[in-house]
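Sequence lines, in order, name chains A and B.
Throughout the first sequence, residue numbering follows this note's numbering, covering 1 to 215 in sequence.
Throughout the second sequence, residue numbering follows this note's numbering, covering 216 to 279 in sequence.
A virtual CB, placed ideally from N, CA and C, is assigned to each residue, including glycine.
For reference, the structure discussed in these notes is given below.
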Amino acid sequence: MTPSEPVDRHIEDDSRSMLWPAVRAVLFSLLAVMSLGALVGFLASMAEHGWKHSPTAYLALVGIVLVLSGSAWFAFKAMRALRPGPASPRTVKARNMLYISGALGAVVGFALQLGEVDPDMLLEGPLSPGVALFAIAILLVFVPIVSWIWWRNIDEHEAQAYKDGALVGIYAYSAITVTWWFGWRGGFFAEPHAMIIFLIVTAIWGLVWAWRRYN
Amino acid sequence: MNNKLKVLRAMRDWSQADLAMHLDVSRQAVNAIETGKHDPSLPLAFRISRLFELPIEEIFDDSV
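Here you go:
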């Protein structure tokens with residue numbers, strides 16, 4: 001059988017897009033992380049009030065636990081759908097670095113939840129010095145190490161998807177930052193907020209990366 | 216770029232994941248190459264060529 005002859009043998013159609021399983025994995029993971037944060041906050045509040053609460057409050061607690069469990073389960077199922085069949089050692093290593101990055105983010109988020117002095121000032125309020133130093137150490141020590149190992153083990157397709165995301169991200173950063181700055185100076189908008197811009201740019205970068213990688 | 220990767224893979228009864236293992240890339244990379252969304256780099260094209268024991272020109276076709 002030569003390459004030019006038609007294939008009459010059944011080939012498993014594994015060319016389906018992985019985009020929607022990837023989107024489900026991200027969304028359910030975010031929901032799980034947010035539920036975990038809500039659970040921690042709820043428990044801290046209950047402990048502060050000596051665990052004397054109405055049945056409604058305890059029902060709400062059960063609801064949060066159910067949302068957390070369900071979203072974690074669906075996130076796990078969606079992530080399993082992303083990797084059918086065997087994977088090369090490099091691919092496994094790169095994937096593990098992504099999981100470690102996610103875990104580091106969850107740890108920092110958990111620490112921030114505990115260390116917030118004023119929860120109403122989420123992006124701007126003071127943090128306990130220990131939590132701030134912990135988050136900085138994670139960012140400056142562990143994230144570069146994990147990122148380097150991940151970058152060394154991804155294949156050229158993922159590297160290109162990452163660069164495409166970064167390119168769109170830098171254009172988005174330029175457009176958003178300058179537009180917001182002019183709008184603020186013209187009296188249309190509030191003063192530009194660095195963390196909001198960072199979150200928007202990071203989200204755009206991640207979405208483009210996911211689209212190029214899994215579509 | 217058009218290519219015969221899917222046909223060559225089928226001749227060996229390999230899934231995309233199997234081919235990805237042999238090429239040391241992800242399954243998504245194999246899918247992207249087969250569907251023409253990603254053109255392999257020269258080193259990867261040579262690895263594909265050696266794996267299937269065919270010249271690059273017999274696997275990939277850059278004519279419009």
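Quick one: what's residue i bridged to in DSSP?
{"i": "A:D155", "result": "Answer by DSSP bridge pairing: none, since A:D155 is not bridged."}
{"i": "B:N218", "result": "B:F275"}
Residues in the same chain with beta-carbon distance under 6 Å from residue i, minus the five sequence neighbours each way, listed in chain order, please.
{"i": "B:I260", "result": "Note that residue 260 of chain B corresponds to Ala in the displayed sequence, not to Ile. Hits under 6 Å: I271."}
{"i": "B:R224", "result": "L234"}
{"i": "A:A25", "result": "A75, A78 and M79"}
{"i": "A:V67", "result": "S35"}
{"i": "A:A210", "result": "A22"}
{"i": "A:M97", "result": "V146, I149 and W150"}
Apply the 10 Å Cβ neighbour rule to residue i and answer buried if 16 or more other Cβ atoms are within range, or exposed otherwise.
{"i": "A:P89", "result": "exposed"}
{"i": "A:V201", "result": "buried"}
{"i": "A:D155", "result": "buried"}
{"i": "A:G165", "result": "buried"}
{"i": "B:L220", "result": "buried"}
{"i": "A:W20", "result": "exposed"}
{"i": "B:V240", "result": "buried"}
{"i": "A:E12", "result": "With a pLDDT of only 47 at A:E12, under 50, the local geometry of the prediction cannot be trusted, and no value is derived from it."}
{"i": "A:A137", "result": "exposed"}
{"i": "B:S230", "result": "buried"}
{"i": "B:N218", "result": "buried"}
{"i": "A:F182", "result": "exposed"}
List the whole-angstrom C-beta distance separating residue i from residue j, where the pair is believed to meet the contact cut-off of C-beta under 8 Å.
{"i": "A:V131", "j": "A:L112", "result": "6 Å"}
{"i": "A:V108", "j": "A:A135", "result": "5 Å"}
{"i": "A:A32", "j": "A:S71", "result": "4 Å"}
{"i": "B:A247", "j": "A:H157", "result": "5 Å"}
{"i": "A:V65", "j": "A:F110", "result": "Between A:F110 and A:V65 the Cβ distance is about 16 Å, and since that is not below 8 Å, they are no contact."}
{"i": "B:F275", "j": "B:M216", "result": "6 Å"}
Residue i versus chain A: which residues are under 9 Å apart at the beta carbon?
{"i": "B:S340", "result": "This structure gives no information on residue 340 of chain B, because the portion of chain B shown stretches from 216 to 279."}
{"i": "B:D276", "result": "None at all; the shortest Cβ gap to chain A is about 11 Å."}
Within its chain, find whatever has a CB closer than 7 Å to the CB of residue i; leave out the 5 residues flanking it on each side and keep chain order.
{"i": "B:H237", "result": "L266"}
{"i": "A:S4", "result": "In this prediction, A:S4 has a pLDDT of 44, which is less than 50 and means its spatial position is unreliable; nothing more can be read from the coordinates."}
{"i": "A:A161", "result": "W209, R212 and R213"}
Could you check if residue i belongs to the surroundings of the ligand NAP, using beta carbon to heavy atom distance under 7 Å?
{"i": "A:F142", "result": "Looking at this structure, you won't find the ligand NAP or any other ligand, since it has none at all."}
So with CB distances below 9 Å, who are the chain B contacts of residue i?
{"i": "A:R90", "result": "D239, V240 and S241"}
{"i": "A:D155", "result": "A235, L238, D239, V240, S241, Q243, A244 and L259"}
{"i": "A:S87", "result": "Here residue 87 of chain A turns out to be Ala, not Ser, going by the sequence shown. What A:A87 touches in chain B: A232, A235, M236, S241 and R242."}
Output, in chain order, the set of chain A residues within a Cβ distance shorter than 8 Å of residue i.
{"i": "B:A260", "result": "Under the 8 Å cutoff, chain A gives no residues; its nearest Cβ is about 11 Å from B:A260."}
Could you tell me which chain A residues have their CB closer than 7 Å to the CB of residue i, listed as they occur along the chain?
{"i": "B:M216", "result": "Within 7 Å Cβ-Cβ: nothing; B:M216 doesn't reach chain A, min ~14 Å."}
Under 7 Å between beta-carbons, which chain B residues line up against residue i? List them in chain order, please.
{"i": "A:R213", "result": "Q243"}
Leaving out five residues before and five after residue i in sequence, what residues of the same chain have Cβ atoms less than 8 Å from its Cβ?
{"i": "A:M46", "result": "H53, A57 and L61"}
{"i": "A:A159", "result": "W151"}
{"i": "A:V168", "result": "I204, W205 and V208"}
{"i": "A:D190", "result": "In the sequence as displayed, the identity of residue 190 of chain A is Ala instead of Asp. Contacts found: W184."}
{"i": "B:L269", "result": "L223"}
Given that residue i touches chain B, what residues does it touch there, using C-beta distances under 8 Å?
{"i": "A:Q160", "result": "H253"}
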